[in-house]
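Q: So that we are looking at the same thing, I have put the structure below in C-alpha cells.
4 protein chains.
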Amino acid sequence: MIPRYARPEMVAIWEPRTRFRIWFEIEAYACEAMAEIGIIPKESAKAIWEKAKDVEFDVERIDEIEKITKHDVIAFLTHLAEFIGADARFVHQGMTSSDVLDTCLAVQLSRASDLLLADLDGLLAALKRRAFEHKMTPTIGRSHGIHAEPVTFGLKLAQAYAEFSRARERLVYARKEIATCAISGAVGTFANIDPRVETYVAQKLGLAVEPVSTQVIPRDRHAMFFATLGVIASSMERLAVEVRHLQRTEVLEAEEYFSEGQKGSSAMPHKRNPVLSENVTGLARLVRGMAVPAMENVALWHERDISHSSVERMIGPDATITLDFALVRLTGLIDKLLIYPANMQKNLDRLGGLVHSQRVLLALTQKGISREDAYAYVQRNAMPVWRGEGEFLPLLKADADIAKVLSPAELEELFDLGYHFKNVDVIFDRVFGES
Amino acid sequence: MIPRYARPEMVAIWEPRTRFRIWFEIEAYACEAMAEIGIIPKESAKAIWEKAKDVEFDVERIDEIEKITKHDVIAFLTHLAEFIGADARFVHQGMTSSDVLDTCLAVQLSRASDLLLADLDGLLAALKRRAFEHKMTPTIGRSHGIHAEPVTFGLKLAQAYAEFSRARERLVYARKEIATCAISGAVGTFANIDPRVETYVAQKLGLAVEPVSTQVIPRDRHAMFFATLGVIASSMERLAVEVRHLQRTEVLEAEEYFSEGQKGSSAMPHKRNPVLSENVTGLARLVRGMAVPAMENVALWHERDISHSSVERMIGPDATITLDFALVRLTGLIDKLLIYPANMQKNLDRLGGLVHSQRVLLALTQKGISREDAYAYVQRNAMPVWRGEGEFLPLLKADADIAKVLSPAELEELFDLGYHFKNVDVIFDRVFGES
Amino acid sequence: MIPRYARPEMVAIWEPRTRFRIWFEIEAYACEAMAEIGIIPKESAKAIWEKAKDVEFDVERIDEIEKITKHDVIAFLTHLAEFIGADARFVHQGMTSSDVLDTCLAVQLSRASDLLLADLDGLLAALKRRAFEHKMTPTIGRSHGIHAEPVTFGLKLAQAYAEFSRARERLVYARKEIATCAISGAVGTFANIDPRVETYVAQKLGLAVEPVSTQVIPRDRHAMFFATLGVIASSMERLAVEVRHLQRTEVLEAEEYFSEGQKGSSAMPHKRNPVLSENVTGLARLVRGMAVPAMENVALWHERDISHSSVERMIGPDATITLDFALVRLTGLIDKLLIYPANMQKNLDRLGGLVHSQRVLLALTQKGISREDAYAYVQRNAMPVWRGEGEFLPLLKADADIAKVLSPAELEELFDLGYHFKNVDVIFDRVFGES
Amino acid sequence: MIPRYARPEMVAIWEPRTRFRIWFEIEAYACEAMAEIGIIPKESAKAIWEKAKDVEFDVERIDEIEKITKHDVIAFLTHLAEFIGADARFVHQGMTSSDVLDTCLAVQLSRASDLLLADLDGLLAALKRRAFEHKMTPTIGRSHGIHAEPVTFGLKLAQAYAEFSRARERLVYARKEIATCAISGAVGTFANIDPRVETYVAQKLGLAVEPVSTQVIPRDRHAMFFATLGVIASSMERLAVEVRHLQRTEVLEAEEYFSEGQKGSSAMPHKRNPVLSENVTGLARLVRGMAVPAMENVALWHERDISHSSVERMIGPDATITLDFALVRLTGLIDKLLIYPANMQKNLDRLGGLVHSQRVLLALTQKGISREDAYAYVQRNAMPVWRGEGEFLPLLKADADIAKVLSPAELEELFDLGYHFKNVDVIFDRVFGES
C-alpha cells in the first residue's frame, strides 16, 4: 500500500487498532457464548465486555510486548489482561491463535468487500447516468481499431454497466466465500472448545460457520476472493483503455475532466493526458498480479503451515486498498468525463460515408443484383472515396447501374443512422430494465 | 493439450467436427427463428435442417477452402452451401462471424463444464466414501509439518470434501458466466438482425442471452471462468500434496495404489513413488497459469479486437482437458488410496505421548496449580521423553507433585483419544449432512 | 501447441523421433566414454553406434512397449536392444532415466534457442532496414497517446531494434543457462558412473557439465529460460501494439501488408484489420503466462520430485513453438509494413502547428521575456488554433508583442523539424554502430 | 512493503529524501555538463552544487507544493529554487521529468541490487561453511519423497550453493539491465539538450547511457529485472521447502535455531515449527507474483504512457525490500541451522538396509547371475525386511544362492557408504573450486 493510492476508509480497516478491536470482539463474544453454555461465569463474560469495550488498544504497548513474546495474539491477550484483571483467565479458553486471526481476517475482508460493493454501486450509477445521457449519441463502432458500423456512445457505456453489474455479482459471491468464522481449536477438532461457541461468535459477527477448519480456514476461499478482485480489475482496465483510446489526439471523442485553471493546459491546449485512466490501467495490473500468490497459498501442508501469512499480510490490504482507490478514481473519471458528440460525428463522417458500404451492398443484392455485380458496383465507387476523391453517397447516386435499382431517396435512406439504432431500446431494457 | 494428459470425452468437445456441428446448429436455429418471424421462407429453414442435420462435415474440405478464403466461418458456409443448395442464401443473414464463433465457444465451455462437474461429483463420492470409512481412524494432526494434536483420517478427507464442494459450486457459477449467446451483428446493434433470433437460438442451445455484446461476448466472463479453474486446480494441488506427504518413507500413512504385479516394486519394496499426485501437482500449475492470459484478454479495444482469439484457441482446450484429466486421475487415486491405520498409530505414538502435554498442562491448572508450576511439572517430564529416555504417561504418574492432584486414572484419561474425537460427528454432519 | 501457430522447423525439435534420436546419442556417447575409460569393450561401443546410427526409431513400437513397462526410457532401451543385440547390456550402465531425459531437454531447448536466435536476427534485420529507410521520415511523437513533439519513424524502429538486441542478448544468456548435461546417476553422486562420462557426453553434445545435479538438473535454470521468453514476448507485444495504434482509422500512418487481390478489401477499402499484430499480442500473453508455472517448478522436494515433468511436457514445446511462430510473423509484418509518410505529415500538421508551442515559449524566454508574459503570449495564440480558428504560425507572426522580439524568419525557424532531428545520427550510431 | 518484513538499509533507498537527493544529483550533474559544454555559466553550475549539496530536502514542504502543482518533479524544483536562488533558472534546462524519474529509478534499483548482491554473498558464505562442515555427513537421498540412495548433507548444501551462485550471476546481469541513464528530453530526440549531458551524468552516477529512450527508459529492462528477482525467489523457496521437510517430526534431520530460553519450547519440546522457512516460502510467492505486472508494463503506447508508474511505485520497493529481508532471514536460518547427523543415520538405517538393494542386484549380475535370477534372490530377502521381519544384510548372507557368488565380506562391502561418496570431492571441486 502506498498513501498516494489509498483512501482512508479502506486503510482504516487494515489498521492495527481495528484489528485489535476485532480480536477483542471475537474473544468477548466467545466468552459470552461460554457463559451461556455454562462453562465460565456469566458475570465474568459481562465484566470482560464492560471493562474493555470502550478501550482504545495501545498499539505501541502491544508491539512492545510482542517483542518479548514473539507472538502477536499472546501480546494482545497480555495487554487485554491489564484492563480486565482476574477474569482474563477465562479469555481465549480452548482457542488457538488462528481462531482469532482467521476470523478477524474474515471480518476485515467482509468489510473491505462492503466498501468495494459501495464503490461499484457508485461506478454503476455514474455509468448509467452517462449511458442515458448519450443513449442516442452516434459514434463509430470500431473492430480491430478500424471503423466498422455506427453505434451510440450510450451503448458503449451500457456494455460497461453490464460488465460491472457482473463484477458486482461476482464480488457478492466472493464476499460470501470469505465471510466464515472458525473457532475450533488447535487442529480444528473442537477438543477443548464447544462448537456452539463458534456458532455464537459467527452469528454475532455476521459470518457463516466454517464447516471444517484445521486450525485455519481453508485458503481456497481466499484464492477465489483475490482471483475475483483480479477479474474486476481487468474489467476496470478495459474501461480505462477505452477512455485512453477516445482521448487520443486523432480521435478526441472524450477527455478526462480538466478544471479550467489547471496549469499548463492552455499554452499546449492539446496536451491533456489521460493520466487517470493510465493510472487505473497500472493499478489493475497490480491487483491482477496478486491472484497468483493467493492461488499458490492454497496448498498448505497437512492441517496448516504458515506460509500464507506473509502473503496475506501484504495482499490483504494492498489488493483491497488499491482496488478501492482505483474504483473511486474510475467513477470520478466517468462521472466528469468530457464527451464530444461533435467530434464523434466528425469521425463518423471521415470516411466519406464508406461505413455504409456494407448496407449498400446488401440492398443491391436484395434488389436482385448478383453478389458479384453488386460488389463491383460498390467497389468502383468506394475506391475514389478512399483515395479522397469524393463522397460516397453522391458517387453512388451518379452511378448508372445503381440508379437502375436504387433511387436517390432509397440510397439516402441507406445512409440513415436510425437504421442502426432501432434496437438500442431493446438493449437498454436488457441492461437497465428500462430504456 | 498432449494426448498423455487427455481423456477422449473432453478432447471430443474441442475437435473440429464438433465445432462445425455446433456452427451448423447455430445457423440452422437462426434460420428457424427468421422463418418464425417471417423473414425467410419456412420451407427453406426446414430444408436447411433436413439437408445437413445428418451430415458429417468434411474437416479437410473446409480446411482447403479456408486456405483460399483465409476465413474459417466463410469456408464453413461455403462447404455448407454445397449440401444445402439455393437455400444457402438464407443462412447467416445479418449475422457476423463472431456470432457463430462466440456462441460456439459458449456451447463448448458449457459442455466442458458439465464434464468437469461430473468429474467433481466423482471425486466427491470417492472422498465421502473414504471419509466415512476412516471417520474414526486416529492420526496425528500436523501444523507446520510438526505433530500437534490427534485428528481422524476421516476429518482430513471431510475437509477435502468440503473444499471440493465449494469447487463444484464455483464451477456451477462459472459455467453460468460463460453460457451466453450473442447473435447481434457487426457491432452488436442488431442493425441487420432481429433480437428475437438471438433469443430463439439461445433458448434452443440452453444458453442465456448476452444482454449487450459488441460483436463479441465480453471477455470478463471467460476470465472469471478460467480464474475459477485456476482456483479449483489449486485445491487439487492441496490434496495431491497431502498424499505426497503421507507417502513419504518416514511417514507412510498412505500410498498410491500399486498393483501386486507392478514391476520393480518388490526388490525395492519401499520405492513406491507418489507419481500420480506429483503429476496432479504439475497439472495444477499449468491450469493455474492460464488464468493470467485469460485476465489479460479482458481489455479488448473498443468494440473488439482479436487478440483474445489465439489465447483461447490454446487455453480453451488445454485448461479444460488438463483439469478433466487431473480430476479423474485424482479421483482414482483417492478411490484406491492404500491407507495404513497401523502406521498412523505408530506415528501418533512416536513422541512417547508428548502430543498430550498440552492437555496435561490444562488439567493441572484446572486442579488449581499455577500456570508457572504446572508448566514446570510438565516440562521436567517432557524433556526426558523428548531425549528418548522414557514414555510420558509413566513418568507423569511417577511425579510426586502431579500425583497430588491427578490420579493415575485421571492421567490415563488425559491420554484418551476419544476426548479429541467427541465432535467428529458434529463436523461430519456439517459437511455431509449426515454422520 | 496448435498447428495454426506452429512452424515445422520448431515442431520437429519436439517430435518423438527427434527425442528418441537424442536419447540414442546420449546413450551411445556415454558408451564411447565408458569404452574410452576402459569400463566396457571398445568394440561394443563402436557396434552400438554402427548398428543404430541410421535407424529411424519406431515411435509406435516404443509406445506399445511403454504401455507394458509404464516407463518411457525403459521402453526405448528395450526397442534399442532389438537393434543392438547383446551389446545392449552395456547401454545405460550406471545411469538413471533422468540423465537421459534432462540432458535431452537441454539439447532440445538449446536447438529451440538457436531457432529463436535466428528468428530474432531476422527481425533485427527487418527493423534495421526499415529504420534506415525511414530514418528521416517525420512523424509525431506521442506521450499518453497525445501529440507531443516530432520524432522520425526511423527512431521508432531504432528503439525497437535496440529492444530486440537486448532480447537477443537475453536469449543467448538464457540458452547458456539451460545447456547443461547431467549424467550422474540415481541421486547425482556418480556412485555407479564415472564423472568423466558426463564430461565426455557434454562435450560431444555441445553442453556444459551440470556442476551438481540431484538425479535432475535444477529447475531454476528452466525458470530463468521461460521467464526470459516471457520478457521477449512482452517486447513483441509492445511492437505489435505500436502497429495496431498506427493502423487505427484515425491515425493510418502504417498498415499491415494487404495483397491487392486479398478478398473484401476494396468494397470496404478502409476495413483492413491489423490481425497479424493482434495475433502476436495474444500469442505474447500465452508465452508470458508460461513463466509462472516454470517458476513454480523450481521448488522440487529433496533430490527431486516429478511435478515439473507434466509442466515441461506442455510449456517446453508450447512456449518455443509459439514464440518462434510469433517472431517470424512479426518479422514478416515489419518487413512488408506499408508506411505512409504523407499521413504522418498530415497528422503532424493537424494541430495547426501547436506541437511547436513549447519551442516558441522557450525562444521567447531566451529573448528576455518573463516566463509569465511568454506564457500569456503563446496562450492567446494557441487557443484559437485549438478551436480550429487558424494556424499557429501566422497568428504568432501577427502578434505585436511577439513581433517585437521574434522576426517572421525566426518564428519560421522555430517551426523547422530539422531542429528536432539534429541528433538522429547520434542515436542511430549508438543503436546500429552506423548512421 | 510492511515493516515486519523490511530491513532499514533497503527501506532507506526508497525513502523520499533519498529520492530527492538523487534527483538533485541528476540535476546538478546535468548543470555541470552543460557548464562544461558552455551552455550555462560554470559559476552557476558550481553554485548549484555548493548551495544544495548539504541540504536535507524538506519532504513535507515538497509534498505541500505538489498538492498545488500536481507534479512531483516541479514541486521538487520549486523547493530547490528556494535554496539556489537565481541560478535555479539553469536547472532542468531542456530536460523532461522522466529524465529525472527514470534515471533516479535506475540509481535506486542499482543500489537495491548491490544490497541484494551482498545478501547473496552472505547466503553463499553460510552455505559454503555449512557444506564443508557436513561434506561427508551421510544422509539419505530422496526422490519423490521416498528413500533412494545415500548422499551427504554437504552435497545438498553444495547444490544450494551452486543454485545461488547462478542467482548471483543473474542478478549481476539484471542489475546491468536496469543501470542506464536517460536525459534526452520530451520524446527522446535531444531536441533541447545535448547528448553529451546524458553521457556525463551517466558516467558520474555509474550508469550506462540508454542508447535510445523515448521520454522513458524502455520497460523491457525492468521486466527482466523483476522476472530475475522472481526466479531468485523461487530458488529461495526451494531451499526453504527443503528445511521444512527436514524439520518434519518424522524426519527431524535439521531444525531452525531455537534459543534455549525461547518460550513454550520445553513443555512441548517437539513443537518447534519451521516458521522462518515457511515465512520465506510465502515471501517468495510475493516476489514471484510481481514479475507478471512488470512484464505487462512493457507494452507502453507509442513513445510512452504512464501506466507503468503506479506499478513501479509499488513493486520497486516491495520486491526489493521483501527479497532483501527474505535473503537475510534465509542466511541466518542456514547459518544457525541445527543439523542432526545422528537422526540422518537413523533415517538411513530405517529401511533395514534396503537402500542398498539396487547395488546388490548389480553385484549379482556382475557375478554372472541372470537379471531374472538376481532379481528373485534380492526380492525374497527384501520383502521380509520391508515387513519388518529382519535386517537386509544378515538375510542376504544367509541366502544360499547368494552365498555362492558373494562372500560375507563382499556383501558388507556393498553396504559401505563410502562407495556412494567417492566422488563428493569431484563435485565440491566443481562447485567451490576446492574440496
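Going down the list, the sequences are from chains B, C, Y and P.
The first sequence runs 3 to 437 under the working numbering.
The second sequence runs 3 to 437 under the working numbering.
The third sequence runs 3 to 437 under the working numbering.
The fourth sequence runs 3 to 437 under the working numbering.
Don't be surprised by glycine CBs; every beta carbon is placed ideally from N, CA and C.
Being a predicted model, the structure only gives us computed values, none of them experimental.
Who are the neighbours of P:W438 on chain C, taking C-beta pairs under 9 Å?
A: Residue 438 of chain P falls outside the range modelled here, since chain P spans only 3 to 437, and no answer is possible.
Q: Would you verify that the beta carbon of Y:N345 is, or is not, closer than 9 Å to some beta carbon of chain P?
A: Residue mapping note: residue 345 of chain Y aligns to position 343 of the third sequence, counting from 1. Cβ-Cβ to chain P under 9 Å: no for Y:N345.
Q: Could you compute how far the alpha carbon of P:R91 sits from the alpha carbon of B:R240?
A: Position 89 of the fourth sequence, counting from 1, holds the residue named residue 91 of chain P. Position 238 of the first sequence, counting from 1, holds the residue named residue 240 of chain B. Cα to Cα, P:R91 sits roughly 42 Å from B:R240.
Q: Tell me the rounded alpha-carbon separation between C:G124 and C:A235.
A: Locating residue 124 of chain C in the second sequence gives position 122, counting from the first residue. Locating residue 235 of chain C in the second sequence gives position 233, counting from the first residue. Cα to Cα, C:G124 sits roughly 16 Å from C:A235.
Q: Where in the stretch 402 to 437 of chain P do unbroken runs of the alpha helix (DSSP H), each at least 4 residues long, occur, reported from the N-terminal end onward?
A: DSSP runs (the alpha helix (DSSP H)) wholly in the stretch 402 to 437 of chain P: 402 to 407, 410 to 416, 420 to 423 and 426 to 434.
Q: Please state the DSSP three-state secondary structure of Y:V211.
A: Within the third sequence, residue 211 of chain Y is the residue found at index 209, counting from 1. Three-state result, Y:V211: strand.
Q: If contact means a Cβ-Cβ distance below 7 Å, which residues of the stretch 123 to 141 of chain Y contact chain P?
A: The residues in question: there are none.
Q: Give me, in chain order, the residues of the same chain whose beta-carbon lies closer than 6 Å to that of C:T71; leave out the 5 immediate sequence neighbours on both sides.
A: To locate residue 71 of chain C, count along the second sequence from 1; it is residue 69. Taken in chain order, the residues that qualify are A77.
Q: Mind checking P:K348: buried by the 16 CB within 10 Å criterion, or exposed?
A: Within the fourth sequence, residue 348 of chain P is the residue found at index 346, counting from 1. Flag for P:K348 reads exposed.
Q: Taking a cut of 9 Å between CB atoms, which residues from the stretch 402 to 426 of chain B lie near chain C?
A: Flagged, chain order: Y421, H422, F423, K424, N425 and V426.
Q: If contacts are defined as beta-carbon pairs under 8 Å, then C:R315 and Y:N299 qualify, I think. What distance do you get, rounded to the angstrom?
A: Position 313 of the second sequence, counted from the first residue, corresponds to residue 315 of chain C. Position 297 of the third sequence, counted from the first residue, corresponds to residue 299 of chain Y. That pair is no contact at about 25 Å.
Q: For Y:T367, which residues of its own chain have a beta-carbon under 7 Å away from its beta-carbon, when the five flanking residues on both sides are left out?
A: What you label residue 367 of chain Y is simply residue 365 of the third sequence in a count that begins at 1. Closer than 7 Å at Cβ, skipping near neighbours: R373 and A376.
Q: Sorted by chain position, which residues of the same chain lie with C-beta nearer than 6 Å to C:M3's C-beta, five sequence neighbours on each side aside?
A: The count along the second sequence starts at 1 and reaches residue 3 of chain C at position 1. Counting only Cβ-Cβ distances below 6 Å, and skipping sequence neighbours, we find P319, D320 and I323.
Q: Report buried or exposed for B:V2, applying the criterion of at least 16 other Cβ atoms within 10 angstroms of its Cβ.
A: In this structure chain B extends from 3 to 437, so residue 2 of chain B is not present and cannot be described.
Q: Spatial neighbours of B:P410 within its chain, please: C-beta separation below 7 Å, excluding the five flanking residues on both sides.
A: Against the first sequence, residue 410 of chain B aligns to sequence position 408. Excluding positions up to five away in sequence, the list reads K399.
Q: The beta strand (DSSP E) that contains Y:I148, what's its start and end?
A: Taking the first residue of the third sequence as 1, we reach residue 148 of chain Y at position 146. Unbroken beta strand (DSSP E) run through Y:I148: I148 to T154.
Q: Beta carbon of P:V218, beta carbon of P:I28: below 9 Å?
A: The residue given as residue 218 of chain P occupies position 216 in the fourth sequence. The residue given as residue 28 of chain P occupies position 26 in the fourth sequence. No; because the gap between Cβ atoms is not below 9 Å, this pair is not in contact.
Q: Could you check whether the Cβ of B:T324 sits closer than 9 Å to any Cβ belonging to chain P?
A: Locating residue 324 of chain B in the first sequence gives position 322, counting from the first residue. So yes, B:T324 belongs to the interface.
Q: Please report the straight-line C-alpha distance between P:G266 and Y:S309, rounded to a whole angstrom.
A: Counting from 1 along the fourth sequence, the entry for residue 266 of chain P is found at position 264. Counting from 1 along the third sequence, the entry for residue 309 of chain Y is found at position 307. Any reading at P:G266 must be qualified, since the residue scores a pLDDT of 48, below 50, and its modelled position is unreliable; no value is offered.
Q: By Cβ distance below 7 Å, which residues in the same chain neighbour Y:M97 in space, the five residues on each side in sequence not counted?
A: If you number the third sequence from 1, residue 97 of chain Y lands on position 95. Around Y:M97: A32, I185, G187 and I195.
Q: Do you know offhand how far C:D121's Cα is from Y:M36's?
A: One-based indexing of the second sequence puts residue 121 of chain C at position 119. One-based indexing of the third sequence puts residue 36 of chain Y at position 34. C:D121 and Y:M36: Cα-Cα distance of roughly 50 Å.
Q: State the beta-bridge partners of B:T182 as determined by DSSP.
A: As a working note, residue 182 of chain B is residue 180 in the first sequence. In the DSSP output, where bridge partners are listed per residue, B:T182 has B:A210.
Q: I'd like to check one pair, B:R250 with B:N281: are the Cβ atoms closer than 9 Å?
A: Sequence index remark: in the first sequence, residue 281 of chain B carries index 279 (1-based). Sequence index remark: in the first sequence, residue 250 of chain B carries index 248 (1-based). Cβ atoms of B:N281 and B:R250: not closer than 9 Å.
Q: Which term fits C:P295, buried or exposed, when burial requires 16 or more other beta carbons within 10 angstroms of its beta carbon?
A: Translated into the one-based positions of the second sequence, residue 295 of chain C becomes position 293. Buried.
Q: Might you give, ordered along the chain, the residues of its own chain that have their beta carbon closer than 8 Å to the beta carbon of Y:T20, omitting 5 neighbours on each side?
A: As a working note, residue 20 of chain Y is residue 18 in the third sequence. Taken in chain order, the residues that qualify are A14 and Q110.
Q: For the putative contact between P:C183 and P:E165, defined by C-beta atoms under 8 Å, what is the C-beta separation to the nearest angstrom?
A: For this step, residue 183 of chain P is matched to residue 181 along the fourth sequence. For this step, residue 165 of chain P is matched to residue 163 along the fourth sequence. Between P:E165 and P:C183 the Cβ distance is about 33 Å, and since that is not below 8 Å, they are no contact.
Q: Nearest by alpha-carbon distance to B:D89: which of B:R113, B:E66 and B:K53 is it?
A: The residue given as residue 89 of chain B occupies position 87 in the first sequence. Ranking the options by Cα distance to B:D89, first place goes to B:K53.
Q: Considering B:S100, what are the terminal residues of the alpha helix (DSSP H) in which it resides?
A: Translated into the one-based positions of the first sequence, residue 100 of chain B becomes position 98. Start and end: S99 to E135.
Q: Between the alpha carbons of C:F440 and C:T139, how many angstroms are there, rounded?
A: Past the boundaries of the shown model lies residue 440 of chain C; chain C is included only from 3 to 437, so the question cannot be answered.
Q: Between B:L302 and C:Y163, what straight-line distance do the alpha-carbon atoms span, to the nearest angstrom?
A: Sequence index remark: in the first sequence, residue 302 of chain B carries index 300 (1-based). Sequence index remark: in the second sequence, residue 163 of chain C carries index 161 (1-based). Roughly 16 Å separates the two Cα atoms.
Q: Using a Cβ cut-off of 9 Å (strictly closer), state whether P:H149 contacts chain B.
A: For the purposes of this step, residue 149 of chain P is taken as residue 147 along the fourth sequence, with counting starting at 1. Chain B, which has no Cβ nearer than 9 Å to the Cβ of P:H149, makes this no.
Q: Which runs of the alpha helix (DSSP H), 4 residues or longer, sit entirely within the stretch 283 to 354 of chain C?
A: Runs found: 293 to 298, 309 to 338 and 343 to 351.
Q: Would you mind stating whether B:V395 and B:F423 have Cβ atoms separated by less than 9 Å?
A: Counting from one through the first sequence, the residue named residue 395 of chain B turns up at place 393. Counting from one through the first sequence, the residue named residue 423 of chain B turns up at place 421. It should be noted that the sequence gives Leu, not Val, for residue 395 of chain B. Not a contact, by the Cβ cut-off of 9 Å.
Q: Smallest Cα separation from Y:L126: which of Y:L329, Y:D116, Y:E436 and Y:L419?
A: Along the third sequence, read from residue 1 onward, the residue named residue 126 of chain Y stands at position 124. It is Y:L329.
Q: List, in order along the chain, the chain P residues whose C-beta lies closer than 7 Å to that of B:M316?
A: One-based indexing of the first sequence puts residue 316 of chain B at position 314. I4 and L288, listed in chain order.
Q: Label P:E151 either buried or exposed according to how many other C-beta atoms from any shown protein chain fall within 10 Å of its C-beta, with 16 as the threshold for buried.
A: By one-based count along the fourth sequence, residue 151 of chain P stands at place 149. That one is buried.
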